[in-house]
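Enquirer: Below is one structure. I have some questions about it.
2 protein chains.
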Amino acid sequence: MRAIRGNIIEAKSLGKLDILPNGCIITNDDGTTVETLPALPLGFAGEIDDYKDALVMQSFCDMHSHAPQYPNLGMGYDLQLLDWLAAYTFPIELRFADTEYARKVYKRLARELVDNGTTRVSMFSSPHVDSTLILMEELENAGITGFVGKVNMDTNPNCRLVETTEESKRETLRWLDSCGDFKNIRPMLTPRFTPSCSMELLEWLGKLARERGLYVQSHLSENRVEQALVLSLQPGITHYYQSYDRFGLFGDHTLMAHCVYCDDEELEAIRRNNVYAVHCADSNISIVSGLSPVRKMLDMGIHVVLGSDIAGGTSLSMIRAARNAIYTSKVINVQSEYTTPFLTVAEAYYLATGAGAEYFGSKSGFAKGEKLHAIIVDDTALFGTDKLSVRDRFGRCFYMCDDRQIKAVYGNGKRLK
Amino acid sequence: MRAIRGNIIEAKSLGKLDILPNGCIITNDDGTTVETLPALPLGFAGEIDDYKDALVMQSFCDMHSHAPQYPNLGMGYDLQLLDWLAAYTFPIELRFADTEYARKVYKRLARELVDNGTTRVSMFSSPHVDSTLILMEELENAGITGFVGKVNMDTNPNCRLVETTEESKRETLRWLDSCGDFKNIRPMLTPRFTPSCSMELLEWLGKLARERGLYVQSHLSENRVEQALVLSLQPGITHYYQSYDRFGLFGDHTLMAHCVYCDDEELEAIRRNNVYAVHCADSNISIVSGLSPVRKMLDMGIHVVLGSDIAGGTSLSMIRAARNAIYTSKVINVQSEYTTPFLTVAEAYYLATGAGAEYFGSKSGFAKGEKLHAIIVDDTALFGTDKLSVRDRFGRCFYMCDDRQIKAVYGNGKRLK
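Below, the structure is given as structure tokens:
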């Protein structure tokens, strides 16, 4: 048994915030939560991780990112999308043919994810199978839980990253055959996006998803040019989502990044199919895509989770991702003449943590029977002249904290930092 | 003589970026720049501050902020403006009747400004004269250059911060009589904003500005409700700016924060009068004001500088202020269907540094005859797998660096950090 003491802050659902000052989470020896209590039980005999006045918060879920773009983080945002892809993104992804390079990058990436309090992920790798396996290994070794996808892309022969259709299929099978040993990291089918994939490949991937019960992740309606391109590539469809849906790649638990320009029909298809929209606010601004209508999606009952989308997004920090989600919602709030409510900090916290946890089949918060996923935020280095409420300190996290304040991280029941 | 060695990055004007890899700035003993050279002269006999591969950049100018709101940083942004003022802003400003409290806050504030690479400021204090003098003293002691304003506000008797008109005049004179001893911090007249000031007080301040040759700072067209309120308060005017201009408070070097909702006539008045628009992108989103049309102002030839606007803004970091200025401009870029160009990193760098320097009568960059204002950015802790260009490392600063990477700061010729 173990007790984690501190000011416990849970968002059990969207907009709900439960604060237990000087509370205590009791876990059993494998890190499964037994109960959450207002105080340490008298005579508690187990180990105590006493974080005193620090904040005990849910750890983050980063539900969309491109692992091989990590070395480019922070660079190239003066360019428009296509120039940026050519100058920065495709060249760096090509480097992952080299497994030694992959090892170096992914080891550091996994460590920095944990440093930033991210314990669950869904990530794009590159098309390279061996490097993808290294990414999975490094995430698993760092104690992270989640999904990784070898990227499939068989069109646009001018891009040296592209595989032939046969190669893409063969390598996908080789990859799936090789990742049975991971415990917490699982494969997810990952067509890069419709413009990168032939219909033959998409159809084959859809069949594979059905046969093997695999989840799918891709991109949807990120910008208007891409949206128009998709409709021109697959005659007969009226909406981007249909380019996946017709092949069985738009089903339950599919992760669709961005969803900036979905119209009502596309949003309704997302909801109906139990697809998850991954909101990547930072990337949507940085590479000038647009503002995703998150409040509207939430009001419709669509599942929304957050992603850093590095390196279209500029930071691994899900604190920053949550803050940028708030900022995007505030721009929409102003521009709707204050009729569309912005995301509160409590809502952004839930989207960055519990909404992702639920994707993985867990309950949001520190629920009984769930493995512990938590961060300890020690904000004593921040300036304050008075004793602040736990609620104010919690809110302040999303504007003033970074990895320096994240003093400890628990993932899947284990202490990782 | 002193040589500062490193990769020197100057923005001598908007959009211009000069990079001198492994260059060298020579200053004389009082910190005045003598020349900038591509290499250390052979047999250089002075002291050498050798920063090797680090970046030598211009330090920041924070041209609008509220010093007494510093203890509230990061808190309360779920509230709308009026609730936020009542719950957070006014109560904290009231605390500055206590000079001991002021000393504690302003000492820390001055230190953190320097830590973040800000060496020139224009700040609002509170209405309290003695605490305002303490703010000036702490900034001066920290080596910061700039302007501070005792706030004038004599309307809205329900706010306990408000002075009587007589008191406001008397205290302003007492303040001006007491701040003759400061060398680098000067007083600036600071009517809080039109809704806080009677016409009698504004008229008196305008006369004082003329008589004593003082500059003025205030707020302009931050949000639509405020804009409408101003027109109702001063019958006969058609534009917010006229509420200042009619009293001589809208002249050369007046700093007007925000300028979000200025129409063409108001923008033209700003340009004509040589007023400086202070763009506070973070605050304009955080307290849901709107998107300031910075590109349009720049194209018109209006002087634009940047402000953190703490605590409407959420951070002292001008790196973040510059990044948020880019983000705001990118939203405008998307929404204008890519017809209004976004701010490049080089442009944002200039606005956050040299544009402010020019306000103070200096040249942007490391010009001969100017006191050195510089930061040293050591980005070696950031991840990178290859040797990056100085330009890419420079760009990355605005997305990935914070006070940790700012290893040294020079202000007004002296090393401050």
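Here the protein sequences come in this chain order: A and B. Under our numbering, the first residue of the first sequence carries the number 1, and numbering increases by one thereafter. Under our numbering, the first residue of the second sequence carries the number 1001, and numbering increases by one thereafter. Don't be surprised by glycine CBs; every beta carbon is placed ideally from N, CA and C.
Using the beta-carbon of each residue, which ones in chain A are nearer than 8 Å to R1396(B)?
Expert: Ordered by position in chain A, the residues that pass the 8 Å Cβ test against R1396(B) are L73, G74, M75.
Enquirer: How long is the line joining the alpha carbons of Q1058(B) and Y88(A), rounded to whole angstroms?
Expert: Distance between the alpha carbons of Q1058(B) and Y88(A): 27 Å.
Enquirer: Are the CB atoms of R1393(B) and D1403(B) within a distance shorter than 8 Å?
Expert: No. Outside cutoff.
Enquirer: Below 7 Å on C-beta distance, what does V151(A) contact in chain B?
Expert: Within 7 Å Cβ-Cβ: nothing; V151(A) doesn't reach chain B, min ~20 Å.
Enquirer: Within 10 angstroms of the Cβ of E370(A), are there 16 or more other Cβ atoms? Answer buried if so, exposed if not.
Expert: Counting Cβ neighbours within 10 Å, E370(A) comes out buried, since at least 16 surround it.
Enquirer: Between F1398(B) and T1164(B), what straight-line distance do the alpha-carbon atoms span, to the nearest angstrom?
Expert: In a straight line, the C-alpha of F1398(B) is about 44 Å away from that of T1164(B).
Enquirer: What does DSSP give as the partner residues of I310(A) in its beta bridges?
Expert: DSSP output for I310(A) lists G313(A) as bridge partner(s).
Enquirer: Which residue comes first and which comes last in the alpha helix (DSSP H) that contains E1423(B)?
Expert: Chain B is shown only over 1001 to 1417; residue 1423(B) falls outside these bounds and no answer can be derived.
Enquirer: For the region 1303-1316 of chain B, enumerate the residues whose C-beta is nearer than 8 Å to any C-beta of chain A, in chain order.
Expert: The region 1303-1316 of chain B vs chain A, Cβ under 8 Å: T1314, S1315.
Enquirer: Where does Q234(A) sit, in a helix, a strand or coil, going by DSSP?
Expert: Three-state DSSP puts Q234(A) in coil, outside helix and strand.
Enquirer: Which value, in whole angstroms, describes the spacing of the CA atoms of N156(A) and M136(A)?
Expert: If you take the alpha carbons of N156(A) and M136(A), they lie about 27 Å apart.
Enquirer: Got a sec: which bits of the region 108-133 of chain A sit with their beta carbon under 9 Å from any beta carbon on chain B, in order along the chain?
Expert: Cβ contacts with chain B: R108, L109, E112.
Enquirer: To the nearest angstrom, report how far apart V148(A) and R103(A) are at their CA atoms.
Expert: So the two alpha carbons sit approximately 15 Å from each other.
Enquirer: What does a CB cutoff of less than 8 Å around A1381(B) pick up in its chain, not counting 5 residues either side in sequence?
Expert: Excluding positions up to five away in sequence, the list reads R1404, Q1405.
Enquirer: Skipping 5 residues on each side, what residues in its chain have a beta carbon closer than 8 Å to that of T190(A)?
Expert: So the qualifying residues of the chain are F124, S125, G149, K150, V151, N152, V216, Q217, S218.
Enquirer: In whole angstroms, what separates the C-alpha of L37(A) from that of A357(A)?
Expert: Their backbone Cα atoms lie some 21 Å apart in a straight line.
Enquirer: Which bits of chain B does L291(A) rub up against, with CB to CB less than 9 Å?
Expert: Chain B residues near L291(A): V1331, V1334, Q1335.
Enquirer: Among residues of its own chain, excluding the 5 on either side of A1352(B), which ones have a beta-carbon nearer than 6 Å to its beta-carbon?
Expert: Excluding sequence neighbours, A1352(B) sits near F1060, L1306, M1318, A1322.
Enquirer: What is the DSSP secondary structure of R1186(B), reduced to helix, strand or coil?
Expert: Strand, per DSSP.
Enquirer: Chain B partners of D392(A), CB-CB under 8 Å?
Expert: The answer, in chain order, is M1075, G1076.
Enquirer: Ordered along the chain, which non-local residues of its own chain (more than five positions away) have a Cβ less than 7 Å from that of S1198(B)?
Expert: So the list reads D1154, T1155, T1165, once near-sequence residues are dropped.
Enquirer: So the candidates are T344(A), H64(A), D282(A); which of them puts its Cα closest to the Cα of D16(A)?
Expert: Inspection of the sequence shows that residue 16(A) is occupied by Lys rather than by Asp. Here the closest residue by C-alpha is T344(A).
Enquirer: Say whether chain A places a C-beta atom closer than 8 Å to the C-beta of Y1101(B).
Expert: At least one chain A Cβ lies under 8 Å of Y1101(B).
Enquirer: F342(A) versus chain B: which residues are under 8 Å apart at the beta carbon?
Expert: Within 8 Å Cβ-Cβ: V1288.
Enquirer: Per DSSP, which one or two residues make a beta bridge with R1005(B)?
Expert: Answer is C1024(B), D1050(B), bridged to R1005(B).
Enquirer: Under 8 Å Cβ-Cβ, which residues of chain B neighbour F96(A)?
Expert: In chain order: nothing, as chain B lies at least about 11 Å away.
Enquirer: What are the residues in the region 1370-1386 of chain B lying within 9 Å of chain A by C-beta distance?
Expert: Listed by position along the chain: L1382, F1383, G1384, T1385, D1386.
Enquirer: Is K104(A) close to chain B, meaning its C-beta is less than 8 Å from at least one C-beta of that chain?
Expert: True, the Cβ-Cβ gap to chain B drops below 8 Å.
Enquirer: Taking 8 Å as the cut-off, decide whether the C-beta atoms of A1110(B) and A1086(B) are in contact.
Expert: The answer is no: Cβ separation not under 8 Å.
Enquirer: Measuring straight from C-alpha to C-alpha, what distance separates G1117(B) and R396(A)?
Expert: Each residue's alpha carbon lies about 22 Å from the other.
Enquirer: Let me confirm a value: L220(A) is counted as buried when at least 16 other C-beta atoms fall within 10 Å, else exposed. Which label applies?
Expert: Burial call: buried.
Enquirer: I'd like the span of the beta strand (DSSP E) that includes E1035(B), first residue to last.
Expert: Per DSSP, E1035(B) belongs to the beta strand (DSSP E) from 1033-1037.
Enquirer: Could you spell out the range, first to last residue, of the alpha helix (DSSP H) harbouring A408(A)?
Expert: Looking at the DSSP string, A408(A) is not in any alpha helix (DSSP H); the run it does join, the beta strand (DSSP E), is 406-411.
Enquirer: Less than 8 Å between the CB atoms is what I'm expecting for H1279(B) and S1292(B), so what's the real figure, rounded?
Expert: With 8 Å as the limit, H1279(B) and S1292(B) qualify as a contact, their Cβ atoms being about 5 Å apart.
Enquirer: So, with DSSP's three-state summary, where would you put M1063(B)?
Expert: Strand, per DSSP.
Enquirer: Going along the chain, which residues of its own chain have a beta-carbon closer than 6 Å to the beta-carbon of I8(A), five neighbours each way excluded?
Expert: Around I8(A): L20, G23, V56.
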